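Notes follow the structure.
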Amino acid sequence: MRPKEIGFVGFDNVTGSHLTCPADAFAAAMLEDGFGGRIPCYKVWSIGLTKEPFVTESGFVIYPQRSLATAPPLDTIIIPGGSGARRPEVITQLGEWILTRYPKVRLNHAASFLKDAGFYTSGGGTSGIEMTLALIEEDFGHHVARSVARELVMRLRPPGEADDHFGGANYQSDPAERISDLPSWIIAHLEERLTVEALAERACLCPRHFSRVFKQVFNSTPADFVEEMRLSEARRRLLGLRATVESVAESVGFNSSDAFRRAFERRVGVTPTAFRRKAAHAISTKVVQHKRAATRSAHSHLKHAAAA
1 MRPKEIGFVG FDNVTGSHLT CPADAFAAAM LEDGFGGRIP CYKVWSIGLT KEPFVTESGF
61 VIYPQRSLAT APPLDTIIIP GGSGARRPEV ITQLGEWILT RYPKVRLNHA ASFLKDAGFY
121 TSGGGTSGIE MTLALIEEDF GHHVARSVAR ELVMRLRPPG EADDHFGGAN YQSDPAERIS
181 DLPSWIIAHL EERLTVEALA ERACLCPRHF SRVFKQVFNS TPADFVEEMR LSEARRRLLG
241 LRATVESVAE SVGFNSSDAF RRAFERRVGV TPTAFRRKAA HAISTKVVQH KRAATRSAHS
301 HLKHAAAA
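FYI, the numbering used here numbers position 158 of the sequence shown as 158, with every residue one higher than the one before it.
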């Protein structure tokens with residue numbers, strides 16, 4: 001799964017918490033991989049107006065990873081607030097970028113945070129984290145967002161709601177939350193027929209809607225995602241020399257060793273047999289190097305002992 005890429009635009013006299021708190025929330029969003037590990041949902045980038053470091057209102061110096069000119073393709077761009085956001089040069093650079101590309105953006109000063117199509121805006125402080133949790137929930141579902149909220153001791157809330165009107169019953173979960181646990185379930189059931197219909201039934205969605213939501217959340221079709229997970233697990237199992245290529249193919253859900261071999265070579269670039277041979281050679285080379293290093297160390301100790 002490719003993590004979604006999030007860019008935080010920084011500038012001199014930015015409010016540090018507006019930048020770092022939402023960034024920490026995005027970094028805390030993880031999916032279970034089914035083997036006790038965790039898969040990051042996001043890759044967070046710090047982006048400066050230029051490549052030079054900038055200083056927050058509280059005096060912290062931040063060295064951006066990229067500048068506006070060199071920023072990678074991003075799924076989401078976050079522009080924090082601060083007194084620096086009112087400086088003419090910052091307004092010019094950011095304002096022109098926003099208004100020339102998104103002339104229909106409107107402002108609302110009453111709500112904690114708002115969503116309007118693909119645009120989100122929020123007030124300062126905790127409302128920025130609330131907005132971040134809403135983005136995580138939209139991307140990866142209620143389960144992931146709830147785990148991040150629990151870690152940050154926050155609560156989930158829908159955009160635009162005032163505190164006195166908010167209640168859990170008013171909040172309808174997004175269909176994306178139904179597929180947030182699928183990766184770990186898929187890994188545990190690789191040997192089964194993981195068709196779109198089977199996965200859609202697991203998520204309690206119709207196949208057509210399931211495919212659309214799955215592509216939006218994981219940036220991959222269900223078939224490609226399942227194949228990649230099968231081949232990833234196959235690579236791990238091929239490192240065990242006792243299992244045959246045929247048994248590995250069957251254990252990760254391929255109908256035949258030929259289909260497994262074609263898929264493996266297409267994605268990995270070598271056949272399963274060649275992959276295993278290269279892995280075994282790399283392991284044996286490391287063992288030999290370790291033994292040689294141990295022998296040299298032993299000889300060195302003997303020489304020192306003889307000299308003494």
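Where a beta carbon is used, it is the ideal one built from N, C-alpha and C, also for glycine.
Model, not experiment: these values are computed from the prediction.
DSSP state of residue i mapped onto helix, strand, coil
i	result
ARG236	helix
GLU5	strand
THR76	strand
LYS51	coil
LEU152	helix
ALA279	helix
THR70	coil
SER46	strand
LEU94	helix
GLY81	coil
ARG146	helix
GLU228	helix
ARG86	helix
Alpha-carbon spacing of residue i relative to residue j, whole angstroms
i	j	result
ASP75	SER46	14 Å
PHE54	GLY84	10 Å
GLU233	VAL252	7 Å
SER211	LEU31	19 Å
ALA29	GLY81	23 Å
SER220	ARG2	9 Å
LEU239	ALA280	8 Å
HIS189	THR132	32 Å
PHE254	THR273	16 Å
THR50	PRO22	22 Å
N- and C-terminal bounds of the alpha helix (DSSP H) containing residue i
i	result
SER58	That residue, SER58, is in no alpha helix (DSSP H); it is neither H nor E in DSSP.
GLU246	245 to 251
ARG212	207 to 218
ARG202	196 to 203
PRO40	PRO40 -> not in any alpha helix (DSSP H); beta strand (DSSP E) instead, spanning 38 to 40.
SER184	182 to 188
VAL268	257 to 268
Own chain partners of residue i with C-beta closer than 7 Å, once the 5 adjacent residues on each side are dropped
i	result
ASP181	HIS143
GLU265	THR271
ILE62	GLY10, SER46, PRO53, PHE54 and THR56
GLU151	ALA28
Residue i - containing beta strand (DSSP E), residue span
i	result
ARG242	It is not in any beta strand (DSSP E) - ARG242 carries neither H nor E in the DSSP assignment.
GLU32	30 to 32
Neighbourhood of residue i by C-beta, 8 Å cutoff - its chain only, sequence neighbours within 5 removed
i	result
ILE186	GLY34, LEU194, LEU199, PHE225, VAL226 and MET229
VAL196	PRO207, PHE210, SER211, PRO222 and ALA223
LYS278	VAL270
Residues that residue i bridges to, as DSSP identifies them
i	result
VAL14	THR56
PRO103	PRO103 pairs with nothing; no bridge assigned.
ILE62	PHE54
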